[in-house]
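Numbering (the numbering used here), first residue to last: 1 to 747. All residues carry an ideal CB built from backbone N, CA and C; glycine is no exception. For reference, the structure discussed in these notes is given below.
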DNA sequence: GTTCACACTTAGTATCCGATGG
DNA sequence: CCATCGGATACTAAGTGTGAAC
């Protein structure tokens with residue numbers, strides 16, 4: 001409430017200066033939740049902000065997520081090396097960049113790409129195809145050998161072997177066909193500015209099925225009495241009932257929002273009867289829902305197959321479009337079904353009803369010449385337009401935030417791929433001028449203009465820490481999260497001296513998706529002094545950079561280099577870090593598993609830099625224990641194999657080394673030991689990898705920040721098949737990079 | 001110069017589904 | 001053969017950034 005008032009007082013100005021008022025006396029930054037995740041930190045903070053003046057206890061979370069704090073016991077051992085890597089790298093990275101004049105990056109950006117581009121195919125496809133064939137053959141061989149070695153007698157393997165072989169061949173064929181039909185758009189000329197396509201045809205979005213009323217034996221009760229709800233109210237009741245097991249439904253905000261919106265769907269009578277959510281009994285509805293889920297799980301094979309086929313049919317019909325003569329996959333062809341809004345973190349709108357979208361809400365975009373998608377019977381589209389300067393096929397306005405949702409193409413499409421490629425080219429361009437830009441903002445730290453200084457400090461953070469830009473947000477509309485430009489005084493704490501370092505800035509705030517960012521960073525003196533200055537005479541809730549916003553920052557950046565914005569720094573620093581880390585961590589002599597561990601560690605360094613976190617999987621401890629048990633079993637096995645080997649050796653010696661049988665026995669035992677050792681190593685590597693990954697999410701950086709050409713070049717250089725680092729859909733997405741990149745690629 | 005609308009990327013989590021091992 | 005596990009995929013929220021309107 002207090003917050004809303006505040007917001008209203010300000011009018012929705014997002015303007016910095018106006019924001020200054022906000023709350024008064026919280027203590028400094030340290031929100032310390034215990035969770036990585038919003039809940040702890042978050043709620044603490046928002047209460048604090050709202051009830052003006054409740055200084056809140058710093059639970060100083062030595063939270064594991066920070067690179068610095070390897071304190072969590074479970075991790076310590078494994079965590080350490082990673083931390084070292086990280087810090088070491090970071091130091092190195094900065095140093096290098098600063099000290100060296102930067103060897104010839106400038107010429108590297110556009111020419112090589114296009115060169116490679118032209119060279120590439122022709123031979124490439126062939127060798128690719130062949131390589132694949134060879135590889136899979138090898139694989140088959142291996143499995144065969146193993147089976148023969150370990151269970152020489154079983155009859156099953158033989159049949160399966162053949163089947164496997166066949167299936168593999170089939171797969172290969174399919175792959176080749178797919179390869180053939182793939183649109184190699186990266187070899188084509190680009191369209192003129194702004195034009196995204198020349199022809200676009202599709203079948204429109206797929207609408208979720210209509211609501212199915214509850215069966216007669218399932219009832220809703222209010223205040224102990226059975227109540228038959230109207231269809232609309234019933235549907236919304238079901239939404240809530242379905243979520244009853246979820247924590248959401250226990251939250252006050254969620255319940256209030258829900259109840260308010262639910263009542264809007266009720267008839268007059270219902271509304272006058274149902275006045276208190278606590279008196280509502282959704283038990284039977286909830287039970288019914290659970291039973292349904294269970295039933296779905298227990299479907300017979302045939303039933304499951306039928307469902308699958310039905311789904312496939314939908315995909316076939318709605319999942320593709322025709323774009324400039326090529327069939328392209330649509331990313332999200334389904335209209336989002338109605339339900340209760342699940343915001344992340346302490347979202348003020350959680351629990352609100354997300355309404356059902358009708359064709360009358362949907363705008364269709366396609367070519368003039370294309371056949372217009374047919375709306376569901378009895379309906380019509382809101383509008384049909386033919387705008388080839390945008391990439392979406394359909395759009396609608398969502399009722400929670402009033403934002404527009406789009407139906408767009410899949411990541412493996414030309415439209416997405418081209419943009420992605422472009423993004424990395426901009427980042428590479430930054431590489432060539434990043435030194436100048438860094439010098440510039442170091443100069444600006446001393447500027448007489450407060451605005452310029454603030455910009456310089458912000459840029460320093462964005463560059464060094466890969467913070468997001470931090471656009472302003474309207475209060476009360478979303479969870480209270482910040483990025484660089486929207487940092488408030490309460491989000492940082494200055495330490496002249498901390499843990500042996502000077503000028504340490506302690507960050508503690510909630511970023512995108514209410515993921516906590518917690519980090520203690522030594523900064524240069526000038527930055528430190530500036531920060532002190534910026535914080536003078538401000539309240540905790542005031543903006544740290546009151547003379548700066550993302551717009552100004554980006555305007556400045558684009559004047560330094562065309563196309564440069566704050567987020568390019570994230571891309572650039574992520575990619576360059578990967579490249580450096582790969583160079584540092586990979587040993588040519590390692591085996592594939594070890595190389596992959598190195599790759600993952602490099603990837604992980606980036607994920608840490610970008611603060612990409614995940615909730616530790618629920619089954620994490622369990623599965624870790626399982627793996628450990630396996631390892632132990634393997635170890636025993638190994639010990640056994642070793643003693644057997646010894647035994648065999650002894651016998652061989654005793655009976656004279658001449659006996660060939662004994663010799664082969666020794667050899668065989670040796671091989672067994674070796675195999676066992678390899679398997680053990682592999683598992684141990686896997687265990688290390690998994691442990692280090694406990695709450696780090698690698699996917700996001702892999703998918704969005706790391707120039708795929710770095711990975712492809714690495715895979716070629718160290719002879720690790722690209723399939724080991726990219727799964728199918730990732731390979732599809734990065735087809736352009738896989739196709740055009742040679743081993744000597746440099747970011 | 002602000003503000004808003006719009007388009008598009010980035011993000012974590014829920015769910016699906018197929019490999020794996022008992 | 002079945003249950004379990006974990007990776008892949010689906011889903012959609014939450015960011016960034018631009019340009020036109022005011």
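Query	Result
Which residues in the same chain as residue 449 place their Cβ atom closer than 8 Å to its Cβ, once the five residues preceding and following it in sequence are excluded?	none
Would you report the Cα separation of residue 652 and residue 629, rounded to the nearest angstrom?	34 Å
Leaving aside the five residues before and after residue 367 along the sequence, list all residues of the same chain whose C-beta is less than 7 Å from its C-beta, in chain order.	199, 200, 201 and 386
Look at residue 409 and residue 329 and say whether their C-beta atoms are less than 8 Å apart.	yes
Quick one: Cα of residue 196 to Cα of residue 204, how far?	19 Å
Which same chain residues end up closer than 6 Å to residue 572 when comparing Cβ atoms and leaving out the 5 residues on each side of it in sequence?	427 and 430
Kindly confirm or deny that the segment 533-549 and the segment 498-511 touch, where touching means at least three C-beta pairs closer than 8 Å.	no
Give the DSSP-derived three-state secondary structure of residue 551 in the structure shown.	helix
Residues in its own chain within less than 6 Å of residue 326 by CB, not counting five upstream and five downstream?	183
Considering only C-alpha positions, which residue in the set 691, 359 and 616 is nearest to residue 210?	359
Within the same chain, show all residues whose beta-carbon is closer than 7 Å to that of residue 679, passing over the 5 residues directly before and after it, in chain order.	634
Could you give the distance in angstroms between the alpha-carbon of residue 69 and the alpha-carbon of residue 605?	Note that residue 69 scores a pLDDT of 35, beneath 50, so its modelled location is shaky; the value from the coordinates is reported in the next line. Spanning the two alpha carbons is a distance of roughly 15 Å.
Could you tell me the distance, in whole angstroms, from the CA atom of residue 455 to the CA atom of residue 555?	11 Å
Please go through the same chain and pick out, in chain order, the residues whose beta-carbon is closer than 7 Å to the beta-carbon of residue 735, but skip the five residues on each side of it.	182 and 412
Taking the alpha carbon of residue 485 as the reference point, which residue from 407, 451 and 477 has its own alpha carbon closest?	451
Apply the 10 Å Cβ neighbour rule to residue 305 and answer buried if 16 or more other Cβ atoms are within range, or exposed otherwise.	exposed
Do you know whose CA, among 632, 663 and 215, lies nearest residue 687's CA?	632
Just curious, the beta strand (DSSP E) that residue 626 is in, first and last residue?	Where residue 626 is concerned, there is no enclosing beta strand (DSSP E), although the alpha helix (DSSP H) it sits in stretches over 620-654.
Are there 16 or more other CB atoms within 10 angstroms of the CB of residue 504, so buried, or fewer, so exposed?	buried
Kindly list the residues whose CB is nearer than 8 Å to the CB of residue 152, restricted to its own chain and excluding five residues on each side of it in sequence; keep chain order.	Confidence at residue 152 is low in this model, with a pLDDT of 37, below 50, so the placement of that residue should be treated as unreliable; the coordinate-derived value is given next. Excluding residues within five positions, none has a Cβ falling inside 8 Å.
Closest by CA to residue 252, which one among 241, 213 and 349?	349
Taking the C-alpha atoms as reference points, what is the distance between residue 568 and residue 245?	41 Å
Roughly how many whole angstroms lie between the Cα atoms of residue 716 and residue 722?	8 Å
Please determine, among 217, 356, 669 and 579, the residue with the shortest C-alpha to C-alpha distance to residue 206.	356
Do the CB positions of residue 549 and residue 490 come within less than 8 Å of each other?	no
Keeping to the same chain, check which residues put their C-beta closer than 8 Å to that of residue 727; ignore five residues upstream and five downstream.	none
Following the continuous alpha helix (DSSP H) through residue 708, name the residue where it begins and the one where it ends.	708-717
Could you give the residue range of the alpha helix (DSSP H) that holds residue 610?	From DSSP, residue 610 is part of no alpha helix (DSSP H); its letter is neither H nor E.
Buried or exposed: which applies to residue 521, given that a residue is buried once 16 or more other Cβ atoms fall within 10 Å of its Cβ?	buried
Using three-state DSSP, classify residue 482 as helix, strand or coil.	coil
Looking at the strands, I want to know which residues DSSP matches up with residue 321.	202 and 328
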